[in-house]
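Trainee:
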DNA sequence: CACTGTAACGGCACTCCGTGCCACTGGACA
DNA sequence: TGTCCAGTGGCACGGAGTGCCGTTACAGTG
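Chains as they are written, first to last, in our numbering: chain B, 1 to 225; chain Z, 1 to 225.
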């Protein structure tokens with residue numbers, strides 16, 4: 001007695017397609033008629049799926065705009081996890097930041113739309129702040145694990161993590177304000193190097209403590225996954 | 001035909017009393033039976049008011065836990081607005097941070113309860129992140145206005161603002177983890193001074209640009225109020 | 001090709017949040 | 001005493017998010 005129209009989404013490729021359609025529909029509708037004026041029914045209908053299906057793809061209405069943050073967090077964690085032990089800490093941090101930047105740069109068009117939306121809609125702004133918070137926590141935790149034994153290591157980790165995330169956001173905003181074209185990666189790298197000059201990370205950590213804290217951090221990450 | 005029982009809240013003192021009762025009820029109920037398991041009806045009933053009245057005191061369910069952030073933001077803005085022009089910038093920033101710290105310290109007991117709640121409940125954690133974001137934006141904006149003409153002033157403002165807020169949070173967490181008693185203010189000050197040593201703010205700004213940007217920042221703040 | 005298991009889908013019903021509306025009430029003030 | 005009026009609370013409504021369940025497409029097996 002249920003719907004008989006052909007439906008996508010039964011295969012992995014189909015699911016990815018439905019997901020894309022939902023994101024596009026959400027961004028377009030939010031932009032065209034406003035966030036509060038758009039219901040989840042509208043988005044689902046525009047993507048050709050049922051309202052219930054929308055909530056199988058996203059945790060909530062807000063998630064449909066920027067669904068790639070989990071991926072960004074995973075990439076950052078991967079950079080830290082796979083970094084060579086002898087690579088300078090600041091280099092690892094900057095590489096992790098550039099990884100996130102590249103994620104935004106991969107699709108400048110929708111990045112602009114999302115930026116405008118997140119800038120204007122309070123609910124989306126708050127959600128973005130929560131995501132930034134998670135990035136900052138991740139950076140800080142990884143840094144703290146690697147600064148064990150350094151004087152005021154935790155404080156340096158907190159300051160450095162917050163600074164890197166703030167610099168990343170500022171680079172992103174400037175890149176988008178300047179048109180969001182071309183050499184964003186280079187501008188971002190230059191930006192980050194300036195931040196590096198401002199930060200105090202030169203002291204050598206205590207390697208035994210680093211090993212212990214990295215283990216703890218790994219366990220903590222596993223517990224959350 | 002409406003309720004005939006005596007009601008508070010008709011005078012300013014009465015309103016403050018109702019507000020306190022709602023906060024206490026919310027914190028206690030959230031702690032006792034969980035955030036999701038507590039409805040706004042429960043909170044309102046526990047405080048002896050109607051559900052509709054709850055939403056006249058708070059924007060939403062999340063606001064009942066930490067209703068003092070607007071006050072904190074206002075105090076920070078006030079510190080910046082009333083600071084003597086010759087006071088070193090870093091000193092102003094640290095005083096602003098300590099002002100917020102004092103706000104938490106004024107009631108250590110509920111600060112502990114709130115901390116535990118915010119730590120565990122995702123919705124409250126996200127809301128806290130959004131508030132931290134607003135603090136960071138305020139610090140960054142005020143710093144940027146006062147760093148006009150300095151090389152990479154905006155970047156320094158973003159880094160310094162983020163660092164100060166991060167250091168503040170870390171000091172707060174440590175203070176609460178250590179029992180949340182006694183000389184929190186002193187520990188916080190020492191903490192902040194260490195951060196000061198890590199940050200680059202020694203260059204002299206261009207005073208004309210500073211004046212222009214302070215005016216702009218003031219207009220921006222007025223527009224939001 | 002027929003059969004079966006499984007995973008995704010869509011509809012339905014439900015709870016709760018947040019809001020507009022409105023009748024009521026207690027206090028202030030002329 | 002009569003008149004405002006700010007605060008109150010009930011009511012109803014729309015929308016978010018969730019549990020449940022019957023249905024459907026597809027994969028795998030014989």
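Beta carbons: idealized from backbone N, C-alpha and C, even for Gly.
In this text, all values refer to a predicted model and were calculated from it rather than measured experimentally.
1) May I ask which residues mark the beginning and end of the alpha helix (DSSP H) holding residue 82 of chain Z?
2) Measuring CA to CA, which of B:81, B:119 and B:71 is closest to residue 103 of chain B?
3) Please check if any C-beta of chain Z sits within less than 8 Å of the C-beta of residue 159 of chain B.
4) Can you look up residue 36 of chain B in the DSSP assignment and give me helix, strand or coil?
5) Output yes if chain B places a C-beta closer than 8 Å to the C-beta of residue 126 of chain Z; else output no.
6) Which same chain residues, not among the five before or five after residue 94 of chain Z, have their C-beta less than 6 Å away from its C-beta?
7) Reducing DSSP to helix, strand and coil, say where residue 86 of chain B ends up.
8) Give every residue of the same chain whose Cβ lies closer than 6 Å to the Cβ of residue 196 of chain B, excluding the five residues on either side of it in the sequence, and list them in chain order.
9) Start and end of the alpha helix (DSSP H) containing residue 153 of chain Z?
10) Mind checking which residues open and close the alpha helix (DSSP H) that includes residue 143 of chain B?
11) State the CB to CB distance for the pair residue 143 of chain B and residue 77 of chain B, rounded to an integer number of angstroms; the pair is presumed to be in contact (CB under 8 Å).
12) So residue 38 of chain Z and residue 30 of chain Z are in contact, right, with Cβ under 8 Å, and what is the actual spacing, rounded?
13) Identify the contact partners of residue 133 of chain Z in chain B, using a Cβ-Cβ distance below 9 Å as the criterion.
14) Should residue 1 of chain Z be flagged as near chain B, meaning a C-beta pair shorter than 8 Å?
15) Measuring only between beta-carbons, confirm whether residue 22 of chain B sits less than 8 Å from chain Z.
16) Where do the ends of the alpha helix (DSSP H) carrying residue 54 of chain B lie?
17) Check whether the Cβ atoms of residue 166 of chain B and residue 25 of chain Z sit closer than 8 Å, and answer yes or no.
18) Quick one, which residues of the region 159-173 of chain B are near chain Z if we go by CB-CB under 8 Å, in chain order?
19) Between the C-alpha atoms of residue 170 of chain B and residue 108 of chain B, what's the straight-line distance to the nearest angstrom?
20) Residues of the region 185-198 of chain B in Cβ contact with chain Z at a cutoff of 9 Å, in chain order, please.
21) By alpha-carbon positions, which one of Z:130, Z:22, Z:32 and Z:73 ends up nearest to residue 43 of chain Z?
22) Could you check how far apart the C-beta atoms of residue 111 of chain Z and residue 62 of chain Z are, in whole angstroms? I think they sit under 8 Å.
23) Compute the Euclidean distance between the alpha carbons of residue 155 of chain Z and residue 17 of chain Z, then round it to the nearest angstrom.
24) Which residues in the same chain as residue 153 of chain B place their Cβ atom closer than 6 Å to its Cβ, once the five residues preceding and following it in sequence are excluded?
25) Check each candidate in Z:101, Z:145 and Z:127 and name the one with the smallest Cα separation from residue 173 of chain Z.
26) What is the rounded straight-line gap between the Cα of residue 51 of chain B and the Cα of residue 41 of chain B?
27) Using the C-alpha atoms, what's the distance from residue 118 of chain Z back to residue 131 of chain B?
28) Return helix, strand or coil for residue 19 of chain B, following the three-state DSSP convention.
29) With burial defined as no fewer than 16 other Cβ atoms inside 10 Å of the residue's Cβ, what is the status of residue 126 of chain Z: buried or exposed?
30) Excluding the 5 residues flanking residue 114 of chain B on each side, which residues of the same chain have their C-beta closer than 8 Å to its C-beta?
Mentor: Considering the structure as presented:
1) In the second chain, the residue the question calls residue 82 of chain Z occupies position 82. Taken as a continuous stretch (DSSP letters only), the alpha helix (DSSP H) holding residue 82 of chain Z covers 69-82.
2) On the first chain, position 103 is the one that residue 103 of chain B refers to. Of B:81, B:119 and B:71, the residue nearest in Cα terms is B:71.
3) As a working note, residue 159 of chain B is residue 159 in the first chain. So, interface residue.
4) Position 36 of the first chain, counted from the first residue, corresponds to residue 36 of chain B. Here residue 36 of chain B sits in coil by DSSP.
5) Here residue 126 of chain Z is taken as the residue at index 126 of the second chain, counted from 1. Judged by the 8 Å Cβ criterion, residue 126 of chain Z is in contact with chain B.
6) On the second chain, position 94 is the one that residue 94 of chain Z refers to. Here the set comprises 192.
7) Within the first chain, numbered from 1, the residue matching residue 86 of chain B stands at position 86. Note: residue 86 of chain B maps to coil in three-state DSSP.
8) Position 196 of the first chain, counted from the start, is the residue given in the question as residue 196 of chain B. Correct list, in chain order: 90.
9) Indexing the second chain from 1 puts residue 153 of chain Z at position 153. That run of the alpha helix (DSSP H) goes 153-177.
10) In the first chain, residue 143 of chain B corresponds to position 143, counting from 1. From DSSP, the alpha helix (DSSP H) with residue 143 of chain B extends over 122-146.
11) Here residue 143 of chain B is taken as the residue at index 143 of the first chain, counted from 1. Here residue 77 of chain B is taken as the residue at index 77 of the first chain, counted from 1. That pair is no contact at about 13 Å.
12) Taking the second chain and counting its residues from 1, the one referred to as residue 38 of chain Z is at position 38. Taking the second chain and counting its residues from 1, the one referred to as residue 30 of chain Z is at position 30. Between residue 30 of chain Z and residue 38 of chain Z the Cβ distance is about 6 Å, and since that is below 8 Å, they are a contact.
13) For the purposes of this step, residue 133 of chain Z is taken as residue 133 along the second chain, with counting starting at 1. Within 9 Å Cβ-Cβ: 125, 126, 128, 129, 130, 132 and 133.
14) By one-based count along the second chain, residue 1 of chain Z stands at place 1. Note on residue 1 of chain Z: pLDDT 42, under 50, position unreliable in the model; the coordinate value appears next. It does not: the Cβ of residue 1 of chain Z has no partner Cβ on chain B nearer than 8 Å.
15) By one-based count along the first chain, residue 22 of chain B stands at place 22. Chain Z contact via Cβ: absent.
16) Numbered from 1 along the first chain, position 54 holds the residue referred to as residue 54 of chain B. Where residue 54 of chain B is concerned, the enclosing alpha helix (DSSP H) stretches over 51-57.
17) In the first chain, counting from the first residue as 1, residue 166 of chain B sits at position 166. In the second chain, counting from the first residue as 1, residue 25 of chain Z sits at position 25. No, the Cβ-Cβ distance between residue 166 of chain B and residue 25 of chain Z is not below 8 Å.
18) 159, 161, 162, 163, 165, 166, 167, 169 and 170
19) To locate residue 170 of chain B, count along the first chain from 1; it is residue 170. To locate residue 108 of chain B, count along the first chain from 1; it is residue 108. Whole-angstrom Cα-Cα distance: 16 Å.
20) 191, 194, 195, 197 and 198
21) Here residue 43 of chain Z refers to the residue found at position 43 when the second chain is read from its first residue. The option with the nearest alpha carbon to residue 43 of chain Z is Z:22.
22) Taking the second chain and counting its residues from 1, the one referred to as residue 111 of chain Z is at position 111. Taking the second chain and counting its residues from 1, the one referred to as residue 62 of chain Z is at position 62. In fact, because the Cβ distance is near 17 Å, the residues do not count as touching under 8 Å.
23) Counting from 1 along the second chain, the entry for residue 155 of chain Z is found at position 155. Counting from 1 along the second chain, the entry for residue 17 of chain Z is found at position 17. Their Cα atoms are separated by approximately 44 Å.
24) Here the question's residue 153 of chain B lines up with position 153 in the first chain. Closer than 6 Å at Cβ, skipping near neighbours: 147.
25) Stepping through the second chain from its first residue, residue 173 of chain Z is reached at position 173. Out of Z:101, Z:145 and Z:127, Z:101 has the C-alpha closest to the C-alpha of residue 173 of chain Z.
26) On the first chain, position 51 is the one that residue 51 of chain B refers to. On the first chain, position 41 is the one that residue 41 of chain B refers to. So the alpha carbons of these two residues sit roughly 5 Å apart.
27) To locate residue 131 of chain B, count along the first chain from 1; it is residue 131. To locate residue 118 of chain Z, count along the second chain from 1; it is residue 118. In a straight line, the C-alpha of residue 131 of chain B is about 16 Å away from that of residue 118 of chain Z.
28) Counting from one through the first chain, the residue named residue 19 of chain B turns up at place 19. Of the three classes helix, strand and coil, the one that applies to residue 19 of chain B here is helix, per DSSP.
29) In the second chain, residue 126 of chain Z corresponds to position 126, counting from 1. With 16 or more other Cβ atoms within 10 Å, it is buried.
30) To locate residue 114 of chain B, count along the first chain from 1; it is residue 114. Cβ within range, chain order: 27, 65 and 66.
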